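Under our numbering, residues 15 to 281 are what the sequence shown spells out, in order. Cβ coordinates follow ideal geometry from the N, Cα and C atoms, glycine included. A quick note: this is a predicted structure, and the numbers were derived from the prediction, not measured. Note sheet for the following structure.
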Amino acid sequence: MASAPSYGTVNQSANGTRSGGDEEQPLLGQPPRRSKWLQNLVVDVHRDWADVVLLLCYIITGLLDSASISTWGSFVSMQTGNTVYIGLGLAAPAESTRWIKSGTSLISFCIGSFFFSRFHRFFSPSRRWVLCASFLMQMLFIVAAAAILTWAPISPRETAWTVLVPIALVAFQSCGQAVTSRALKYNALTSVVLTSIYCDLFSDAELFAVRNAERNRRVGAPVLLLFGAIMGGLLAHSTIGTAGVLWIAAVLKFLVVICWYLWPAAN
Numbered sequence: 015m016a017s018a019p020s021y022g023t024v025n026q027s028a029n030g031t032r033s034g035g036d037e038e039q040p041l042l043g044q045p046p047r048r049s050k051w052l053q054n055l056v057v058d059v060h061r062d063w064a065d066v067v068l069l070l071c072y073i074i075t076g077l078l079d080s081a082s083i084s085t086w087g088s089f090v091s092m093q094t095g096n097t098v099y100i101g102l103g104l105a106a107p108a109e110s111t112r113w114i115k116s117g118t119s120l121i122s123f124c125i126g127s128f129f130f131s132r133f134h135r136f137f138s139p140s141r142r143w144v145l146c147a148s149f150l151m152q153m154l155f156i157v158a159a160a161a162i163l164t165w166a167p168i169s170p171r172e173t174a175w176t177v178l179v180p181i182a183l184v185a186f187q188s189c190g191q192a193v194t195s196r197a198l199k200y201n202a203l204t205s206v207v208l209t210s211i212y213c214d215l216f217s218d219a220e221l222f223a224v225r226n227a228e229r230n231r232r233v234g235a236p237v238l239l240l241f242g243a244i245m246g247g248l249l250a251h252s253t254i255g256t257a258g259v260l261w262i263a264a265v266l267k268f269l270v271v272i273c274w275y276l277w278p279a280a281n
């Protein structure tokens, strides 16, 4: 009569093979697989047609700059105008406080450029989660500025913190779009400069060609910014005011985050 297997032995069939199915499984089961959504975040986005998203950012720039000029008299994105305002203010500092607001915007923009460029460079410029995180941070800065305008007490001083802090927050995030254009190698679509685009557009040797992608981008950029500027000016003078414009811009930034999350991955 066959004896029962002792402790520590493995049951075998008559042909010598293992009969226990449990012994064939690893002690802790299969190694965990990275979830699909996480895998989706750690790939680079495809560059093709990404210029469409960058062009849509011109609408956001138009909204923010037109509302800022209407309310505070300074830009939050296009720093060429702010540089001129700073020069005029330094020439006659007692005439206006615009140069202080413009200086706040310019300094914040430069600090933001330093931050966003190193953020992209450190974590991989066109990685999906990096693009999503960048625009999510931009959105949060605009939300903070909108919250101040919505709920903070109004001060009669033109250089009160309720003026300078929102300017600084919005200007800090504005450069994020420009850095993204560099990351995706669409260097002309910074969304903060138009002068060079006008020059490149009308000096294009193939300006009237039927198919010219560069020409199309250069036409689209100022048109979309103009549309955003018109809407920003109209809304800033409406009942929703500049705070409402900032809330709308924050929503648009969030839509860009969704776009980058759904964008096709690079091969």
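Ala263 is bridged by DSSP to nothing; it lacks a bridge partner. Under the DSSP assignment, Glu172 falls outside any alpha helix (DSSP H); it carries neither an H nor an E label.
Straight through space, the alpha carbons of Leu178 and Ala105 are spaced by roughly 21 Å. Between the segment 157 to 174 and the segment 205 to 221, the count of C-beta pairs closer than 8 Å stays below three; the two stretches do not touch. By the criterion of a C-beta distance shorter than 7 Å, Ser169 is surrounded in its chain by Thr176, once the five residues flanking it on both sides are discounted. Counting C-beta pairs with one atom in each stretch, the segment 221 to 235 and the segment 56 to 73 have three or more that are closer than 8 Å, which means they touch. The C-alpha of Ile73 is placed about 13 Å away from the C-alpha of Leu260. Taken atom to atom, the span from the alpha-carbon of Trp165 to that of Asn226 is near 48 Å. Judged by DSSP secondary structure, Asn201 falls outside any alpha helix (DSSP H); it is assigned neither H nor E.
Under a 10 Å Cβ-count criterion, Asp65 is classified as buried, with 16 or more other Cβ atoms of the shown protein chains found around its own Cβ.
The beta carbon of Tyr99 is closer than 7 Å to those of Ser88, Arg112, Trp113 and Ser116 in its chain, skipping five residues each way along the sequence. In this structure Met92 is not in contact with Val270, their Cβ atoms being roughly 19 Å apart against a cut-off of 8 Å. DSSP, read as helix, strand or coil, puts Val59 in strand. For Phe89, no alpha helix (DSSP H) encloses it, and the DSSP letter there is neither H nor E.
When rounded, the separation of the alpha-carbon atoms in Leu78 and Gly247 is 9 Å.
Sequence-distant Cβ neighbours of His251 in its own chain, meaning closer than 8 Å and more than five residues away, are Ser84. When Arg61, Thr75 and Ser82 are compared, the shortest CA-CA separation from Thr256 is found for Ser82. Counting only the Cα atoms, Cys189 lies some 18 Å from Ile262. Restricting attention to Ile181, Ser140 and Asp62, the CA atom closest to the CA of Val90 is found in Ile181. Burial state of Gln187 is buried, judged by a 10 Å Cβ sphere holding 16 or more other Cβ atoms.
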